[in-house]
Each structure stands twice: as structure tokens, then as C-alpha cells.
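Engineer: Numbering-wise (my numbering), the sequence shown opens with residue 159 and increments by one. Provided herewith is a single structure, encoded as C-alpha cells, for subsequent inquiry.
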Amino acid sequence: MTSKELIYVEDALGHEQYFKTQCSETASRIQDNELRAFAQEIQRQHQIIFQNFYDLL
């Protein structure tokens, strides 16, 4: 992996971590069960994407 590719992967990891954290915080504040479950699913999807990028390292 080139240094430029590594920088891209590190940047993508940071973005996915941020999105995952935001979804988690948002889900914890939602009262509606269906909407909370939706936010938690988005959080789970960002965790999968994060893991896929991490596995490239």
C-alpha cells in the first residue's frame, strides 16, 4: 500500500468512526423505538464499513 493510499484509509477510518459515534449518540436520545432502531442499524452499518477499511491495513 502506498503512503497516499494509507492516508486515504486512515482518513476513511476517522470518518466512519465519527459517523458511528454520531449515530450512537443520536440513537440514545431518540424516544421512538422504531426510529431508534433505524439509527442503531445505521450505526451498525458504519461499524461494518469501518471494519472493512481497518482490514485493509
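Built from N, CA and C at the ideal position, the CB exists for glycine as well.
(1) According to DSSP, is ASP190 part of a helix, a strand, or is it coil?
(2) To the nearest angstrom, report how far apart THR179 and GLN203 are at their CA atoms.
(3) By the three-class DSSP mapping on this structure, what secondary structure does THR160 have?
(4) Pick out whichever of GLU174, LYS162, MET159 has its Cα sitting closest to the Cα of ASN210.
(5) Within a Cβ cutoff of 7 Å, which residues of the same chain sit near GLN198, ignoring the five residues on either side of it in sequence?
Structural biologist: With the given structure in hand:
(1) Correct three-state label for ASP190: coil.
(2) THR179 and GLN203 have their C-alpha atoms spaced approximately 12 Å apart.
(3) The three-state reading of DSSP puts THR160 in coil, since its state is none of H, G, I, E or B.
(4) The shortest C-alpha separation from ASN210 is found at GLU174.
(5) ALA185, listed in sequence order.
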